[in-house]
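Inspection log for the structure reproduced underneath, given as structure tokens.
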Amino acid sequence: MSNQTTFEPKIVAFLCNWCTYAGADLAGTGRKQYQANVRIIKLPCTGGIDPLFLIKAFERGADGILVSGCHPGDCHYNTGNYHARRRWNVFKPLLEFCGINPDRIQFSWISAAEGGKWVETINGVIDAVRALGPFEGYQKINAIGPAGSGEGFVSSSDKGCECK
Amino acid sequence: MGKKIGVFVCHCGTNISATVDVEKVAEEAKKKYPGVSYATTYKYMCSDPGQKLLRDKIAEEGLTGVVVAACSPKMHERTFRNAAVKTGLNPYQVEVSNIREQCSWVHQDKAQGTEKSIDLVRMMTEKTRKDRSLEAIKVPVTKRALVIGGGIAGIQAALDIADGGNEVILVEKDASIGGHMAQLSETFPTLDCSQCILTPRMVEVAQHDNITLYTWSEVESVGGYIGNFNVKIRKKARAVDLDLCTGCSSCWQVCPSKKIKSEFDTGLGNRTAIYIPFPQAIPSKPVIDKEHCLLYRDARKKNIPPEESKVCRKCYDVCPIAPVKAIDYAQEDEIVEVKVGAIVVATGYKELPNNVYGEYGKGKYKDVITGLQFERLASASGPTEGEIRRPSDGKEPEIIVFIQCVGSRDPAKGCSYCSKTCCMYTAKHTMLYKHKVHHGHAFVFYIDIRCGGKNYEEFSLRAIEEEGATYLRGRVSRIYKKGEKLVVLGADTLTGSQVEIEADMVVLASAMKAQDDADVVARTLSIQYDKDRFFSELHPKLRPVESSNAGIFLAGACQGPKDIPETVAQASGAAAKVMALLSSDQLEREPVIAKVDRLPPPVFSTCIGCFYCQRVCPYGAIEQEEIKARDGSVIKTVARVNEGLCQGCGLCAATCRSKSVELAGFTDEQVFAEINSVEFN
């Protein structure tokens, strides 16, 4: 199995500018330590996240993704976070269908005042993805190449995946 | 043509350099990232010499893009962008990589922090390579403000803005301005008469050259955007011509319907069907209450226009204005359209009614009254002319019980919050009572005493120590009637005993609640409200008077429970914001907005006209536009973004099925560039 001791998950976090990004800033100001496996991409609103961004991140080698925005009712753009949630409901079955364990993507609401919650959440995501092991779906498909049968797209190490 | 990007890594003293090898970050950037033609580090990039370094290098090296690796962009993005502008570089070619809040401060391990910083700088470099120059959007400003609500908040805001030389339109839904403050007897902690300090301000509003006052009016709709709002105001028919009426009082003296419960006197006093709410009302001109007026009732019954009814007409007959009477039964609602540049919302609060608590009689006992009702009893202009008398039989109450936190801090009754003013107004009530009924005794049931204002604590202690009010810490479980008395059953949690008081009167310190129609108002104005339906400020600390809709400001208790000083302070704050906005001829807005793609002639767009974007847009910023052929026939209908309305959330861009909408500053190209460069290896 590919769950080597050296495995360090790679997490891409898509954060909204107004709440979670500011929450992560607050964690910094408060010198709250967390694991360094995350790369943050700032967007104005989680509602503006194209699902293709998430797929692209997986393709580029991410093992897990966090999407985090404002609490329900707190969205700077009134309803953007609700759209993000609705889009996720549609996107999730597609992800499962593609053989990507939806547990690799997590959502959270973290306000600008919740530096502590950011640290807990991101550490939680990193630990959870560490337990899932590396995401190899795209590497395999790339290895098989265009002439490949497509088998093996679903990583056998992707134990958490329960899609049929 | 490739970009020449300069990377400037900040030490931030040792804030960054202690846990991130800044030299290595700069070196890596120079060595490995395509497009980076210059890289350096500096002790404090945000300092004056730091900014000079930035400017000099942009000029010397001919940089067309800049990445500053420093603190959060929320701190100094504007600083660095402004510095770049001075050299002629478009500010939107400057990006900040946040290696302080995201690396040096949160990761102790230097190797890890350095590696992550290198990654972050690379991501931002890649994004910068795709950056396009953007021009700030300029919109003209209408130099007129709208204030919604004529309580003390609205009055203060309107006067401040008007004194600043701007036109103000003040809209009040009731027949007079003044709001709840006009109902109060005395105000804490100074015990000065509320009307004495308020009514001169009301007169000032009426007489101010810059203020147009619309009472008995409501805001029907608000369109447009900051600097350019289009507002429709419904002037409800008062059946009295304000221009002709002199307020001589003849009409309401002859009105036969004299037993209508006065809203101003909280139901404790009566008024007529044609009435002014209170003697000092502004405007001091009456309005006809069409629910109770005999003529209107007759007209409704017979289904005829009111002017044809022959019933009563006493007010019309007695009106001395000639040749045209000021009473006009045929008057209809009128819609006024105005353009304003800014809006202040000051719609205030409502008091929790006393029929909410079943255990306190649910409003059945006449002698269980609310705080506002007590204010009317204690007020010299009230139904008892300031004498404290029981509403049931007019007797002077010898034992009076005040109950605090009625509704407030009680999630079961829908207000989990503290109403903030009740501790103080109850202390005031006990004093007013003791000043008028010297031999009487006041008991106060409290949960906590919260007196966090200037001279507030002293005031509350005065009620206990000097006026001898008995404060009992605990809740009241039940009130029931026993003969003429009200038995109050409560707990004293400090002695651990049950308390039973036979009282003559009970005053509930009722919670301040949001107005019943607060959600409707919020939707009309496209502003947010919280779980308690109070309007949400943009930032709880740093932007407390701005709403989520740019150009709309909040004042007073519509944002949350507030006392008078706080309300006035916030109203003046809102007025200052409005004046700052109205002081400029043109408004510059961040060009981070969405755009539907367009190709030059023949005009074309990949937009397929599904208008999903229109459905998701929270601001109604997506318009439909017809693309026409030369002969004028419509080829197709496509989406277009109204630059003035768009706030740049990107919902439309993410929703667009044909990838025809892009958000400037966060285009797909830019975001993909960032994701692509997250290499992790």
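Chains as they are written, first to last, in the numbering used here: chain A, 350 to 513; chain B, 962 to 1642.
Glycine included, every Cβ here is placed at the ideal spot set by N, Cα and C.
Query, Result
"How many Å lie between B:Lys-1134 and B:Glu-1179 at the Cα?", "5 Å"
"Less than 8 Å between the CB atoms is what I'm expecting for B:Tyr-1394 and B:Ile-1361, so what's the real figure, rounded?", "6 Å"
"Could you list which residues in chain A have their beta carbon closer than 7 Å to that of B:Ser-1033, in chain order?", "Asp-374"
"Just list the residues that DSSP pairs B:Ser-1178 with in beta bridges.", "B:Lys-1196"
"Distance, Cα to Cα, B:Glu-1640 vs B:Ala-1555?", "29 Å"
"Can you say whether B:Val-1301 is buried or exposed, counting buried as having 16 or more other CB atoms within 10 angstroms of its CB?", "buried"
"Name, please, each residue of chain B whose Cβ falls closer than 9 Å to the Cβ of A:Pro-393.", "Val-1553, Gln-1608, Gly-1609, Cys-1610, Gly-1611, Leu-1624, Gly-1626 and Phe-1627"
"Would you identify the three-state DSSP class for B:Gly-1112, choosing helix, strand or coil?", "coil"
"Do B:Arg-1061 and B:Asn-976 have their C-beta atoms closer together than 9 Å?", "yes"
"Can you name, in chain order, every residue of its own chain whose Cβ lies under 6 Å from the Cβ of B:Cys-1007, other than the five neighbours on each side?", "His-1037 and Thr-1040"
"At 7 Å on the CB atoms, spell out the chain A contacts of B:Val-1577, in chain order.", "His-432"
"State the beta-bridge partners of A:Trp-458 as determined by DSSP.", "A:Gly-418"
"Please classify B:Glu-1021 as buried or exposed, where buried requires at least 16 other C-beta atoms within 10 Å of its C-beta.", "exposed"
"So, at 7 Å on beta carbons, what are the nonlocal neighbours of B:Arg-1274 in its own chain, with the 5 sequence-adjacent residues on each side left out?", "Leu-1256"
"Residue range of the beta strand (DSSP E) that B:Gly-967 falls in?", "966-971"
"Taking the alpha carbon of B:Pro-1552 as the point to measure from, which residue in B:Cys-1610, B:Ala-1590 and B:Lys-1502 has its own alpha carbon closest?", "B:Cys-1610"
"Over the uninterrupted beta strand (DSSP E) stretch that includes A:Asn-438, give me the two end residues.", "A:Asn-438 -> not in any beta strand (DSSP E); alpha helix (DSSP H) instead, spanning 429-446."
"If you compare alpha carbons, which of B:Ala-1119, B:Ser-1065 and B:Lys-1035 is closest to B:Gly-974?", "B:Ser-1065"
"Check whether chain A comes within 9 Å of B:Tyr-994, counting only Cβ atoms and requiring the distance to be less than that.", "no"
"According to DSSP, what are the bridge partners of B:Ser-1058?", "B:Ala-1030"
"Out of A:Cys-368, A:Phe-440 and A:Gln-384, which one is the CA nearest neighbour of A:Val-474?", "A:Gln-384"
"Please name the residue in B:Glu-1426, B:Glu-984 and B:Gly-1355 whose C-alpha comes closest to that of B:Thr-1001.", "B:Glu-984"
"Could you work out which residues of chain A lie near B:Phe-1633, taking near to mean beta carbons separated by less than 9 Å?", "Leu-401, Phe-402 and Lys-405"
"Closer than 8 Å is the cut-off here; do at least three beta carbon pairs connect the segment 1184-1203 of chain B with the segment 1511-1522 of chain B?", "yes"
"Is A:Asn-474 close to chain B, meaning its C-beta is less than 9 Å from at least one C-beta of that chain?", "In the sequence under discussion, the amino acid at residue 474 of chain A is Val, which differs from the Asn named in the question. Not closer than 9 Å to any Cβ of chain B, the Cβ of A:Val-474 fails to qualify, so no."
"Does A:Ile-390 have its Cβ less than 9 Å from a Cβ in chain B?", "yes"
"Hey, is B:Gly-1184's beta-carbon within less than 9 Å of any beta-carbon in chain A?", "no"
"Expressed to the nearest angstrom, what Euclidean distance is found between the alpha-carbon atoms of B:Leu-1422 and B:Arg-1261?", "56 Å"
"Whose C-alpha, out of B:Gly-963, B:Ala-1541 and B:Lys-1196, is nearest the C-alpha of B:Ala-1136?", "B:Lys-1196"
"So, B:Val-1067 versus A:Lys-391, is the Cβ gap smaller than 9 Å?", "no"
"Say whether chain A places a C-beta atom closer than 9 Å to the C-beta of B:Gly-1074.", "yes"
"From B:Ala-1625 to B:Leu-1095, what does the alpha carbon distance come to, in whole angstroms?", "8 Å"
"From the beta carbon of A:Ile-449, is the nearest beta carbon of chain B less than 9 Å away?", "no"
"Quick one, are the C-beta atoms of B:Phe-1016 and B:Thr-1048 less than 9 Å apart?", "Checking the displayed sequence, the identity of residue 1016 of chain B turns out to be Arg instead of Phe. A contact, by the Cβ cut-off of 9 Å."
"With a threshold of 16 other CB atoms inside 10 Å of the CB of B:Ile-1296, please say whether the residue is buried or exposed.", "exposed"
"Alpha carbon to alpha carbon, what distance is there between B:Lys-1327 and B:Asp-1354?", "9 Å"
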